[in-house]
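Visitor: Protein chains in written order, with our numbering: chain A, 3 to 456; chain B, 28 to 249.
1. Cβ of residue 95/A within 8 Å of Cβ of residue 253/A?
2. Please classify residue 327/A: is it buried, with 16 or more other beta-carbons within 10 angstroms of its beta-carbon, or exposed?
3. Which of the three DSSP states, helix, strand or coil, is assigned to residue 316/A?
4. Note the first and the last residue of the continuous beta strand (DSSP E) segment covering residue 34/B.
5. Could you name the residues of chain A that residue 62/B contacts, counting a contact when the two beta carbons are closer than 9 Å?
6. Check the Cβ of residue 194/B against every Cβ in chain A and list those closer than 8 Å, keeping chain order.
7. Helix, strand or coil: how does DSSP classify residue 63/A here?
8. List, in chain order, every chain A residue whose beta-carbon is nearer than 7 Å to that of residue 199/B.
9. Can you tell me which of the three DSSP states residue 232/A falls into?
10. Flag residue 9/A as yes if its beta-carbon sits less than 8 Å from any beta-carbon of chain B, otherwise no.
11. Apart from the five residues on each side of it in sequence, which residues of its chain come closer than 6 Å, Cβ to Cβ, to residue 356/A?
12. Less than 8 Å between CB atoms is the rule here; does residue 209/B satisfy it with respect to chain A?
13. Please report how far the alpha carbon of residue 131/A lies from the alpha carbon of residue 108/A, in whole angstroms.
14. Check the Cβ-Cβ distances between residue 46/A and every residue of chain B, and say whether any is below 8 Å.
15. Going by C-alpha distance, which of 81/A, 425/A, 157/A and 446/A is nearest residue 27/A?
16. Taking its Cβ as the centre, do 16 or more other Cβ atoms sit within 10 Å of residue 407/A, making it buried, or is it exposed?
17. In terms of DSSP beta bridges, what is residue 95/A paired with?
18. In the region 329–352 of chain A, which residues sit with their C-beta less than 9 Å from some C-beta in chain B, listed in chain order?
19. Is residue 19/A close to chain B, meaning its C-beta is less than 8 Å from at least one C-beta of that chain?
20. Let me see if you follow: with CB-CB separation under 8 Å, is residue 50/B close to chain A or not?
21. Do residue 200/B and residue 173/B have their C-beta atoms within less than 8 Å of each other?
22. If the cut-off is 8 Å on Cβ atoms, which residues from the region 287–319 of chain A count as contacting chain B, listed in chain order?
23. In chain D, what lies closer than 9 Å to residue 165/B by C-beta?
24. For chain B, find out if any of its Cβ atoms is closer than 8 Å to the Cβ of residue 15/A; answer yes or no.
25. State the beta-bridge partners of residue 76/A as determined by DSSP.
26. Since residue 114/B meets chain A, which of its residues come closer than 7 Å, beta carbon to beta carbon?
27. What residue range is occupied by the uninterrupted beta strand (DSSP E) comprising residue 52/B?
28. So, with DSSP's three-state summary, where would you put residue 198/B?
29. Rounded to a whole number of angstroms, what is the C-alpha to C-alpha distance between residue 162/B and residue 152/B?
30. Which chain A residues sit within Cβ distance under 7 Å of residue 137/B?
31. What three-state label does DSSP hand residue 23/A in the structure shown?
32. In terms of alpha-carbon separation, which member of 72/B, 55/B and 171/B lies closest to residue 93/B?
33. Quick one: any contact between the region 291–306 of chain A and the region 72–90 of chain A, if contact means 3 or more CB pairs under 8 Å?
34. If you follow the alpha helix (DSSP H) that residue 222/B is in, where does it begin and where does it stop?
35. Taking the C-alpha atoms as reference points, what is the distance between residue 160/A and residue 177/A?
36. Check this for me: beta carbons of residue 320/A and residue 331/A, under 8 Å apart or not?
This is the structure we're talking about:
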């Protein structure tokens, strides 16, 4: 029997006590592994979200959101400033307008419904409301029924209307040149169908005759009830030359997005609201980042707890066996041999604890990651809901971002060899701490301890 | 040959300097069975720990076969304890979770014997002190006091030591068993020509040894 086997044998000298130490150690090691898995899985998701976020910056006039709010459109000077900002490679400018029945011969394909009717209640007539909360249902009934408007989007790039960020889907005909001043238009599928218009047919708007160049579909009923025209055409005909209601600027690389946002904020001041995709992605992963920090804190806490458990256990064992250590030294056992025996004992406890702990970690890491992510996402899902329901063309761009948010809960926990290696490394560190300090105690025990009477 | 000259050991205690041993001079020939008697606190155990290189003296020399063990380095003292000294304690001090056989094999391991030879030698030693093969495989807690002390003697003899230091070897045993252990030590000193120094307060036992030293207040009383 050599020192190693004596150490292993000693580890199970008191099965109850060793069992309790091993169990505590296993729980802390299991927690280390599952928290490392949670952290690496969440970090992978954060990186994925950030890398797919894109480099677009949306600049909209301050106070304007879709067709709601106040404020002034961006002017041509401001658009020029945006275009000239360094790192911005291309821009898509958009001006939104609405056509009333007097402006066009088209019949709107959207019905107002109770939502639309409530939005339109202030515009109906001059009659004042009897309450501060708006007209009563009786007053609404006495007014002439409000009519829905047809939305016109003047844009330099018709593809920007696509709700999924891809190219606009043209079902028939061809797209239009957004930079022209021609009287051409793309009609939403629903609007075209409502007015029996096909490619090549004409309609009137702003007192001019427009040719239908193509029919598009986005899968969104509001969008499919609108018209897309070249930006300059809308600007000229609506009497808003040079003005735009939103600009999407593309930055050359992800690393320059923040610099461009800061530069735009300083040139445009409080006249515009500037939001970058990167910033939105950052905001949407904030909750995941807090999970990642929490997981790291748990890893450190568990490692310290594990080290303290084995350390205290070994100190207790060494103190209890002072006389035995004295005997071994008295009959010729060297410090090295006694230390090796106790290190072997500490390692045995740590190894058994690690095997149980790592198995436990593998089993619970999946459910633990899911539960951490889902509980944190519940609190942020309500705010995402509000963002989704905000209507109007201003919300188009945001549609893409919200899908990022809804995917956040889909964090897949996976134990990579790297995470496993880190766990084993931490465990080894625990074993070293658990052995080194008791070894120091052992070295200080005098062989004369053997003569001490108890 | 064991030769102790002017051995002094003093400690610093909260109440001042305490001299446990003062100018002790002893000389014991090889193969002699000597005993040290004295009251509690007379310095018997301190002297034994100096002779066994468990502690270092404040001054003086302890020569075993012409080597001053008090001047040895810590690692050489360990080797000295392993090869030249055999200890027999009042409390037996066997390792509790090792069998009788493993306890003797442990001393052989520290003495540097090759692992393949240890078991045979341990069995032979245990047979010599009258331990049966069944008892050899038992842990100390499952052996009687007399059996444990016999295992302890076998362990002390393992590496053919020059000196066996026995601290109250019969102190925990009934008179019959005590006498048996004493006779065993006595015959060993004759058979193996091993020097034995036993600390005891049993005057009967002391009277039967070759020489008896009396310690009083840390000094050898003449």
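By construction, the Cβ of each residue, glycine as well, lies at the ideal position given by its N, Cα and C atoms.
Guide: So, from the listed chains and residues:
1. no
2. With 16 or more other Cβ atoms within 10 Å, it is buried.
3. Residue 316/A falls in the helix class under three-state DSSP.
4. 29–40
5. What residue 62/B touches in chain A: nothing, since even the nearest Cβ is about 17 Å away.
6. 453
7. The three-state secondary structure of residue 63/A, taken from DSSP, is strand.
8. Per Cβ cutoff of 7 Å: no residues; residue 199/B is ~11 Å from chain A at best.
9. Reduced to three states, the DSSP call for residue 232/A is strand.
10. no
11. 31 and 429
12. no
13. Reliability of the predicted coordinates at residue 131/A is poor, the pLDDT of 46 falling under 50, and no value is obtained from them.
14. no
15. 425/A
16. Because the pLDDT at residue 407/A is just 44, under 50, the model does not fix this residue reliably, and the value given afterwards should be weighed accordingly. So residue 407/A counts as buried.
17. 249/A
18. Cβ contacts with chain B: 329, 330, 331, 332, 333, 334, 335, 336, 337 and 339.
19. no
20. no
21. yes
22. Those would be none; no residue qualifies.
23. Of the protein chains in the structure, A and B, none is chain D.
24. yes
25. 246/A
26. Here the neighbours are 332 and 333.
27. Per DSSP, residue 52/B belongs to the beta strand (DSSP E) from 43–55.
28. coil
29. 13 Å
30. 333, 334 and 335
31. Here residue 23/A sits in helix by DSSP.
32. Across the set 72/B, 55/B and 171/B, the C-alpha of 55/B shows the shortest separation from the C-alpha of residue 93/B.
33. no
34. Counting along the chain, residue 222/B falls outside any alpha helix (DSSP H), though it belongs to the beta strand (DSSP E) covering 222–226.
35. 7 Å
36. no
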